[in-house]
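Single-structure report; data block below.
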Amino acid sequence: MSLPPVIPSSASAEYPHWSGGHGKCGHSLTSAVSRAVPPGTRLKGRRGGRSSQEFRGTVLAIAGEDFSIVASDTRLSEGFSIHTRDSPKCYRLTDKTVIGCSGFHGDCLTLTKIIEARLKMYKHSNNKTMTTGAIAAMLSTILYSRRFFPYYVYNIIGGLDEEGKGAVYSFDPVGSYQRDSFKAGGSASAMLQPLLDNQVGFKNMQNVEHVPLSLDRAMRLVKDVFISAAERDVYTGDALRICIVTKEGVREETVPLRKD
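According to the working numbering, numbering within the sequence shown proceeds without interruption in unit steps and concludes at 285.
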């Protein structure tokens, strides 16, 4: 016998036609759920009330003609408490691919470990390194497989594609992704994304020459937007870790930010 959907008892006033079930079974199940979890109760814990455990921060990625940049701050904070000032959110996957993760730090670590294990298995099986586009597709399937219990992570992949051109892939928590030229995520994304739209994408601008983005200009822009974000976002600060992906490989650079 199939049971009807369980609706909290507080809904009876809003839905007077709903009887709560067929016979005693439906009523007893509803009352049991109402006693166990009163309507309006906010569940606590990592999955129910994990906003209190959201370790915020900011990640950013920019793709150029023959390079890609993935950057993040290094502050790991919870509320107004700083756990550490040296926790970069950029993880090197291959010589041509870097991933930036912001959100719940435990999920970030778990997800990157799964990706690294998959990359090792792929290399042993195929005797070659997975491309940036293939890594993005693999991450999409990993996230989608957990769609009913998703990782609380915002992911951005930056690297070089098979033609040696810069590529950026942005994801939502359940695996939907797209290729972009630039993307920001995390607590300061609402401040960074409009700046990137203006300075890199030239969105809604007329009579402006769309010159290709050079590596030097992209580096200056990344530093400027993070310095500005650290002035306004309490969850972003301490230092800026920049990963530059070129055909020579991945190199890192650290820039200090304000520490208050």
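Every residue, glycine too, gets a C-beta built ideally from N, C-alpha and C.
TODO: With a floor of 3 residues, list each beta strand (DSSP E) that falls wholly inside the segment 159-237, ordered by position along the chain.
DONE: Correct list: 178-185, 191-196, 202-205 and 207-211.
Open item on the list: Going by the DSSP bridge assignment, what does Val280 pair with across the sheet?
Closed with: Looking at the DSSP assignment, Val280 forms a beta bridge with Leu265.
Task: Delimiting residues of the beta strand (DSSP E) encompassing Ser112 - done: Note, Ser112: premise wrong, no beta strand (DSSP E); not H, not E.
Task: Rounded straight-line distance, which links the Cα of Asp285 to that of Ser206 - done: Their backbone Cα atoms lie some 32 Å apart in a straight line.
Open item on the list: Taking a contact to mean a Cβ-Cβ separation below 8 Å, would you say Gly184 touches Thr137 in this structure?
Closed with: Not a contact, by the Cβ cut-off of 8 Å.
- [ ] Given a cut-off of 8 Å, decide if Lys114 and Ser97 are closer than it, judged by their beta-carbon atoms.
- [x] At the C-beta level, Ser97 and Lys114 come within 8 Å of one another.
Task: Reduced DSSP category for Val247 - H, G, I as helix; E, B as strand; rest coil - done: Val247 carries a helical assignment under DSSP once its states are collapsed to helix, strand and coil.
- [ ] With a threshold of 16 other CB atoms inside 10 Å of the CB of Asn151, please say whether the residue is buried or exposed.
- [x] Asn151 sits exposed, since fewer than 16 C-beta atoms from the chains shown fall within 10 Å of its C-beta.
Task: Same chain, Cβ closer than 6 Å to Phe196, neighbours up to 5 away in sequence not counted - done: Answer for Phe196: Asn180 and Tyr202, listed in chain order.
Task: Other residues of its chain near Thr279: CB distance less than 6 Å, five sequence neighbours each side excluded - done: So the list reads Ala264 and Arg266, once near-sequence residues are dropped.
Task: Residues sharing a beta bridge with Ile124, DSSP - done: In the DSSP output, where bridge partners are listed per residue, Ile124 has Tyr116 and Ile182.
Task: Delimiting residues of the alpha helix (DSSP H) encompassing Ser239 - done: Membership of Ser239 in any alpha helix (DSSP H) is not indicated, and neither H nor E is assigned to it by DSSP.
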